[in-house]
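Following this line, the structure appears as structure tokens:
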């Protein structure tokens, strides 16, 4: 068998520094939000306000990961909505189970 | 691509209903990866929301944080459960180790997106380099999680005295060390059950991810994607890897912060 030439036949385009800069910037934002969460965990009182802030910051991070890292924002609109719209069901699940959990709490204690 | 179909008897002007349209403008593989990830989002969301529901069904620990003792009567404060760091035995370092783990996973997500970017440019050397870094990040994360589980299972030096119903259905009062599926020294049994189940399922995803990363790294290195003419596989594996990071962001908030 002939040994295959392992040289690339594809044309290599040079690095686009702007794109790479944007990636590192997104990484910096993710890190900054995580550090902020960390500081909040130790300085703020535990309670609904803190938990709400944590969840908002987490969803904010998720948005960056999905839009910048997974490039969902660059996909065609129908694809974008077919991924995002079904997640509305989770809002209902969250409300339903949070209510269920607090009702069980009332029954038990 | 299919707009230039050469099938016999098919006019190139077929219109919207003639077939061969690509309304989502993405390849089959990428679409299926997205829809798989959507179903995986539902699975993880169901787990995490269940965690929240079970958590709020227990009373929260309200006393001062420094006098916290584990009990199966109330839910523990996470920063007092996860406070150990390897090689620093007995030092109280709340959430430090899990912070390092989060940093490692986010970094590996960054190197993955750099590999995808290199793939768009058909730059094999860069793809191979960044895939290797991503893989190292994944393996380090798994090693950290193994340590974390080990510590969680074996517990603290002192343990906690608990009254509970054991696996032989007898009520016992004894000192409990660490955690298993029946009892744990930190909080209610469901605390450890959920911890094992959800972080375990996430760790399983990371393990699969590392295997996929290795296959992709190998194929890129030997030039499979050059011969194929595109680096789309890097992008697809990248989607999966970012998803693993995405889930961890939520696991981190729900288990370690709230």
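Residue numbers (this note's numbering), protein chains in the order written: chain A, 26 to 134; chain B, 33 to 290. Positions of the beta carbon are idealized from the N, C-alpha and C atoms, including for glycine. Computed from a prediction, not measured in an experiment: that's the story for all the values here.
Proximity of residue i and residue j at Cβ, strictly below 7 Å
i, j, result
"residue 145 of chain B", "residue 105 of chain A", "no"
"residue 193 of chain B", "residue 207 of chain B", "yes"
"residue 167 of chain B", "residue 245 of chain B", "yes"
"residue 143 of chain B", "residue 165 of chain B", "yes"
"residue 115 of chain A", "residue 258 of chain B", "no"
"residue 85 of chain B", "residue 122 of chain A", "yes"
"residue 47 of chain A", "residue 281 of chain B", "no"
"residue 89 of chain A", "residue 118 of chain A", "no"
"residue 7 of chain B", "residue 219 of chain B", "Only positions 33 to 290 of chain B appear in the structure, and residue 7 of chain B is not among them; the question remains open."
"residue 211 of chain B", "residue 184 of chain B", "yes"
"residue 378 of chain B", "residue 127 of chain A", "Coverage of chain B is limited to positions 33 through 290, which leaves residue 378 of chain B absent and any answer about it impossible."
"residue 56 of chain B", "residue 101 of chain A", "yes"
"residue 249 of chain B", "residue 133 of chain B", "no"
"residue 199 of chain B", "residue 169 of chain B", "no"
"residue 134 of chain A", "residue 118 of chain B", "no"
"residue 253 of chain B", "residue 148 of chain B", "no"
"residue 187 of chain B", "residue 209 of chain B", "yes"
"residue 121 of chain B", "residue 115 of chain B", "no"
"residue 79 of chain A", "residue 73 of chain B", "no"
"residue 235 of chain B", "residue 273 of chain B", "no"
Proximal residues to residue i (C-beta, below 8 Å), its chain only, five neighbours per side dropped
i, result
"residue 82 of chain A", "58, 61, 62"
"residue 83 of chain B", "226, 230, 286, 287"
"residue 80 of chain B", "230, 282, 283, 286"
is_contact[residue i, chain B] using C-beta, thresh 7 Å
i, result
"residue 119 of chain A", "yes"
"residue 68 of chain A", "no"
"residue 143 of chain A", "Here chain A has residues from 26 to 134 only, and residue 143 of chain A is not among them."
"residue 74 of chain A", "no"
"residue 110 of chain A", "no"
"residue 85 of chain A", "no"
"residue 44 of chain A", "yes"
"residue 53 of chain A", "no"
For residue i, three-class secondary structure by DSSP
i, result
"residue 127 of chain B", "coil"
"residue 120 of chain B", "strand"
"residue 134 of chain A", "coil"
"residue 61 of chain A", "helix"
"residue 58 of chain B", "coil"
"residue 41 of chain A", "coil"
"residue 256 of chain B", "helix"
"residue 290 of chain B", "coil"
"residue 151 of chain B", "helix"
"residue 157 of chain B", "helix"
"residue 34 of chain A", "coil"
Close-in-space but distant-in-sequence residues of the same chain around residue i (CB under 6 Å, 5 per side omitted)
i, result
"residue 237 of chain B", "276"
"residue 176 of chain B", "133"
"residue 61 of chain B", "268"
"residue 172 of chain B", "136"
Cut-off 7 Å between Cβ atoms - residues of its own chain near residue i, not counting five sequence neighbours on either side
i, result
"residue 1 of chain B", "Residue 1 of chain B is absent from the structure shown; chain B starts at 33 and stops at 290."
Minimum Cβ-Cβ distance from residue i to chain A less than 7 Å
i, result
"residue 56 of chain B", "yes"
"residue 282 of chain B", "yes"
"residue 154 of chain B", "yes"
"residue 258 of chain B", "yes"
"residue 50 of chain B", "no"
"residue 226 of chain B", "no"
"residue 142 of chain B", "yes"
Interface residues of chain C facing residue i [CB-CB closer than 7 Å]
i, result
"residue 211 of chain B", "Of the protein chains in this structure, namely A and B, none is chain C."
Which ranges does the beta strand (DSSP E) cover as unbroken runs of at least 3 residues, wholly within the segment 162-244 of chain B, from first to last along the chain?
192-197, 203-208
In chain order, which alpha helix (DSSP H) runs of at least 4 residues are fully inside the segment 54-131 of chain A?
73-89, 102-109
At 4 residues or longer, and completely inside the segment 260-285 of chain B: list those alpha helix (DSSP H) runs for me, N to C.
264-283
Write down every uninterrupted run of the alpha helix (DSSP H) in the segment 71-116 of chain B whose length is 4 residues or greater and which is fully enclosed by it, in chain order.
110-113
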